[in-house]
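Engineer:
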Amino acid sequence: MSRVSISEKQLGLVGGIMVALGPLSVAIYTPALPTIVADFGTSDAVGKLTISVFYIGLALGQLVCGLLADGLGRRNVALGFFTLYVIGAVGCLFAPSIEALIVARAVQGTGAAAGLVISRALVRDLFSGQASSRILNMMAIIIASGPAFAPAFGSVMLLFGDHQLPFATMVAHGVLTLALVLIFIPEAVAVDLSRIRPLAMTRSMLILLRSRDFMWPALCTAGCAGAIYGQASILPFLLITQVGVSPQIFGAGMFLQSGVYMLASMWTRFLMRSIPAEKLVPWGAGMVLMAAVALLYGTLIAEPSFWSVMLPVAFYAFGYAHAAPAVMTAAFASHPDRAGAASALHGFMQIGIGFSIGLLASVFSTPSTAMGVLIGLSIVAGAGFALAWSRVNNHKAA
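Under my numbering, the first residue of the sequence shown carries the number 2, and numbering increases by one thereafter.
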């Protein structure tokens, strides 16, 4: 077991590559979905299942991965789950039928869960305070660059090959991640098999759920990041079907959101050189609240347009980038002996809220109503918990 045998920059870079497995496995794959539907002779609804089962595996896999990582060690579990990811990606590459592809995507999503869980648990194990916030910020920059450029990259790949080419890229990404873990990642916790007993794992989760120090910052990022996941299932129908923009304009809008988040994360990294990360939380939460008000107006009161939707979405991403490093650090710092479980529950809440938003969206009469109510309320809740945590944290510091 090692405490710190990896530098801050190394962990930020390697952790970013690890955590990007999940988002990139969706973003780079989405442009190939119509081709996959045509090649396998199936329906759009069945084709979309390949995305849904990936997210289900990603969500449930985080819970299992985090609890195992507290007992079996971060490095050991990471190697096992990333191997599972590669197996799933290879299965996707050579899938003979849509049914086989759906199963392989579920396996792939489960393996990708380690990227989200282990990377953040390692940050808590090996670093703290401002250093922890800087590493999480670097990971955010890498994560944001994926959705910004991956769809375009995936579309270009289809010019040179069939739907298998994106899966070959995922195999390469998985193998690279395995190699980086083997070379750079130390074992940060001692193996303790007693911690993976069912009663011990249940107790860890209950302690976290009852902890205000964990739940308040976790609910902040769950509400805000969950909205990012959830809006992916609403925005295409809102902008393309209801508003009537072209797919190319829609793609430019998604690039705008990811690009703004990436630039805001870089700006936040610059600010953290002289300002403690927790001091940026009220400013970030305030911007998120203003964006929520603008989004509610642009979708529920005014006639929805490209700009009335995407400007608030981009401004919301800008504000969230300021608050995320400190609140994520606070969530993981609250229970250092349960960093794996905390990271798992934190990630599960994000994916769970995003998935729930996607399911509930079908209840509303129009995409604009679903966007305003579900996404608006989700980010308002996230910003509210951020402000509440910031106030309590400042009171403790005083």
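Cβ atoms here follow ideal geometry from the backbone N, Cα and C, with glycine treated the same way.
Model, not experiment: these values are computed from the prediction.
Determine the extent of the alpha helix (DSSP H) in which M202 is found, giving its start and end residues.
Structural biologist: Within the sequence shown, residue 202 is the residue found at index 201, counting from 1. Per DSSP, M202 belongs to the alpha helix (DSSP H) from P199 to L210.
Engineer: Would a C-beta distance cut-off of 8 Å place M298 and I380 closer than the cut-off?
Structural biologist: Taking the first residue of the sequence shown as 1, we reach residue 298 at position 297. Taking the first residue of the sequence shown as 1, we reach residue 380 at position 379. One point to set straight first is that residue 298 is Tyr, not Met, in the sequence displayed. Against a cut-off of 8 Å, the Cβ pair of I380 and Y298 comes out as no contact.
Engineer: With DSSP as the reference, label V374 as helix, strand or coil.
Structural biologist: Locating residue 374 in the sequence shown gives position 373, counting from the first residue. The answer is helix: DSSP assigns V374 an H, G or I state.
Engineer: Please name the residue, chosen from I358, K49, S309 and G285, that lies closest to S266 on a Cα-to-Cα basis.
Structural biologist: Locating residue 266 in the sequence shown gives position 265, where the first residue counts as 1. The shortest Cα separation from S266 among I358, K49, S309 and G285 belongs to G285.
Engineer: Is it right to say A40 is buried, meaning 16 or more other beta carbons lie within 10 angstroms of its own, or is it exposed?
Structural biologist: In the sequence shown, the residue the question calls residue 40 occupies position 39. The question names Ala, yet the displayed sequence has Asp at residue 40. By the 10 Å Cβ count, D40 comes out exposed.
Engineer: Which class does I241 belong to by DSSP, given the choice of helix, strand or coil?
Structural biologist: In the sequence shown, the residue the question calls residue 241 occupies position 240. I241: helix per DSSP, three-state reduction.
Engineer: To the nearest angstrom, how far is it from the Cα of A189 to the Cα of A70?
Structural biologist: Residue mapping note: residue 189 aligns to position 188 of the sequence shown, counting from 1. Residue mapping note: residue 70 aligns to position 69 of the sequence shown, counting from 1. If you take the alpha carbons of A189 and A70, they lie about 10 Å apart.
Engineer: Within a Cβ cutoff of 8 Å, which residues of the same chain sit near S3, ignoring the five residues on either side of it in sequence?
Structural biologist: For the purposes of this step, residue 3 is identified with residue 2 of the sequence shown, where counting begins at 1. In this predicted model, S3 has a pLDDT of only 48, less than 50, meaning its place in the structure is not dependable enough to derive any value.
Engineer: So what does DSSP say about P35, is it helix, strand or coil?
Structural biologist: Within the sequence shown, the letter at position 34 stands for residue 35. In the structure shown, P35 sits in a helix (DSSP, three-state: H, G or I).
Engineer: Taking its Cβ as the centre, do 16 or more other Cβ atoms sit within 10 Å of A180, making it buried, or is it exposed?
Structural biologist: Position 179 of the sequence shown, counting from 1, holds the residue named residue 180. So A180 ends up on the exposed side.
Engineer: My output table needs one value for S133: the three-state DSSP class, helix, strand or coil.
Structural biologist: Within the sequence shown, residue 133 is the residue found at index 132, counting from 1. Reduced to three states, the DSSP call for S133 is helix.
Engineer: With a threshold of 7 Å on Cβ separation, who are the neighbours of V328 within its own chain once the five nearest residues in sequence on each side are excluded?
Structural biologist: By 1-based counting over the sequence shown, the position of residue 328 is 327. Once the five neighbours on either side are set aside, the close Cβ partners of V328 are P218, C221, T222, V282, A387 and W390.
Engineer: Three Cβ pairs or more, each shorter than 8 Å: is that satisfied between the stretch 353-360 and the stretch 288-306?
Structural biologist: Because the criterion of three Cβ pairs below 8 Å is not met, the stretch 353-360 and the stretch 288-306 do not touch.
Engineer: Do L239 and S369 have their beta-carbon atoms positioned less than 8 Å apart in this structure?
Structural biologist: For the purposes of this step, residue 369 is taken as residue 368 along the sequence shown, with counting starting at 1. For the purposes of this step, residue 239 is taken as residue 238 along the sequence shown, with counting starting at 1. Yes.
Engineer: Counting pairs of beta carbons, one from the stretch 248-255 and one from the stretch 359-369, are three or more of them closer than 8 Å?
Structural biologist: The stretch 248-255, when compared against the stretch 359-369, does not touch it at the 8 Å Cβ threshold.
Engineer: Below 8 Å on the Cβ atoms is my guess for M140 versus G16; work out the distance and round it to an integer in Å.
Structural biologist: Residue 140 sits at position 139 when you count from the first residue of the sequence shown. Residue 16 sits at position 15 when you count from the first residue of the sequence shown. Confirmed, about 5 Å.
Engineer: Select from C225, H323, S26 and F307 the residue whose C-alpha is nearest the C-alpha of L257.
Structural biologist: For the purposes of this step, residue 257 is taken as residue 256 along the sequence shown, with counting starting at 1. For the residues C225, H323, S26 and F307, the minimum Cα distance to L257 belongs to F307.
Engineer: Determine the DSSP secondary structure at I276, reduced to helix, strand or coil.
Structural biologist: Residue numbering aside, residue 276 sits at position 275 when the sequence shown is read from its first letter. Reduced to three states, the DSSP call for I276 is coil.
Engineer: Give a yes or no on contact between the stretch 94-108 and the stretch 43-56, applying the rule of three or more CB pairs nearer than 8 Å.
Structural biologist: Yes, since at least three Cβ pairs between the stretch 94-108 and the stretch 43-56 fall closer than 8 Å, the two stretches touch.
Engineer: Whole angstroms is fine: what's the gap from H336's alpha carbon to I136's?
Structural biologist: Taking the sequence shown and counting its residues from 1, one reaches residue 336 at position 335. Taking the sequence shown and counting its residues from 1, one reaches residue 136 at position 135. Taking the straight line from one Cα to the other gives about 19 Å.
Engineer: Starting from the Cα of V366, find the closest Cα among I88, I235 and I119 and give me that residue.
Structural biologist: Residue numbering aside, residue 366 sits at position 365 when the sequence shown is read from its first letter. The sequence shown places Ser at residue 366, not Val. Comparing Cα-Cα distances from S366 to each of I88, I235 and I119, the minimum goes to I235.
Engineer: Can you grab the Cα-Cα spacing for the pair D338 / H347, in whole Å?
Structural biologist: Numbered from its first residue, the sequence shown carries residue 338 at position 337. Numbered from its first residue, the sequence shown carries residue 347 at position 346. Using only the alpha carbons, I get a separation of about 15 Å.
Engineer: Which one of A46, V65 and A122 has the shortest CA to CA distance from G112?
Structural biologist: Your numbering for residue 112 matches position 111 in the sequence shown. Looking at the Cα atoms, V65 is the closest of the given residues.
Engineer: Compare the beta carbon distance of T269 and P313 with 8 Å and say whether it is the shorter of the two.
Structural biologist: Here residue 269 refers to the residue found at position 268 when the sequence shown is read from its first residue. Here residue 313 refers to the residue found at position 312 when the sequence shown is read from its first residue. Cβ atoms of T269 and P313: not closer than 8 Å.
Engineer: Excluding the 5 residues flanking P237 on each side, which residues of the same chain have their C-beta closer than 8 Å to its C-beta?
Structural biologist: The residue given as residue 237 occupies position 236 in the sequence shown. Around P237: F251.
Engineer: What's the C-alpha gap between G373 and A114?
Structural biologist: As a working mapping, residue 373 is identified with position 372 in the sequence shown. As a working mapping, residue 114 is identified with position 113 in the sequence shown. Cα-Cα distance, rounded: 30 Å.
Engineer: Cα-Cα, which of A173, A345 and Y321 is closest to A228?
Structural biologist: Here the question's residue 228 lines up with position 227 in the sequence shown. When only C-alpha atoms are compared, the closest one is Y321.
Engineer: How is D126 classed by DSSP in three states: helix, strand or coil?
Structural biologist: To locate residue 126, count along the sequence shown from 1; it is residue 125. Reduced to three states, the DSSP call for D126 is helix.
Engineer: For A382, I'd like the list of residues in its chain whose CB is within less than 6 Å of its CB, leaving aside the five on either flank, ordered along the chain.
Structural biologist: Start at 1 with the first residue of the sequence shown, and residue 382 comes out as number 381. Taken in chain order, the residues that qualify are G224.
Engineer: Distance, Cα to Cα, V310 vs L296?
Structural biologist: Counting from 1 along the sequence shown, the entry for residue 310 is found at position 309. Counting from 1 along the sequence shown, the entry for residue 296 is found at position 295. Rounded to whole angstroms, V310 to L296 spans 6 Å at the Cα level.
Engineer: So, are the CB atoms of N138 and M273 less than 8 Å apart?
Structural biologist: Along the sequence shown, read from residue 1 onward, the residue named residue 138 stands at position 137. Along the sequence shown, read from residue 1 onward, the residue named residue 273 stands at position 272. Closer than 8 Å, so yes.
Engineer: How should G74 be labelled, buried or exposed, when 16 other C-beta atoms within 10 angstroms of its C-beta is the threshold for buried?
Structural biologist: Indexing the sequence shown from 1 puts residue 74 at position 73. Result: buried.
Engineer: For V261, collect the residues of the same chain with a Cβ closer than 6 Å to its Cβ; drop the 5 residues on either side in sequence, then sort them by chain order.
Structural biologist: For this step, residue 261 is matched to residue 260 along the sequence shown. Excluding positions up to five away in sequence, the list reads A315, A318 and F319.
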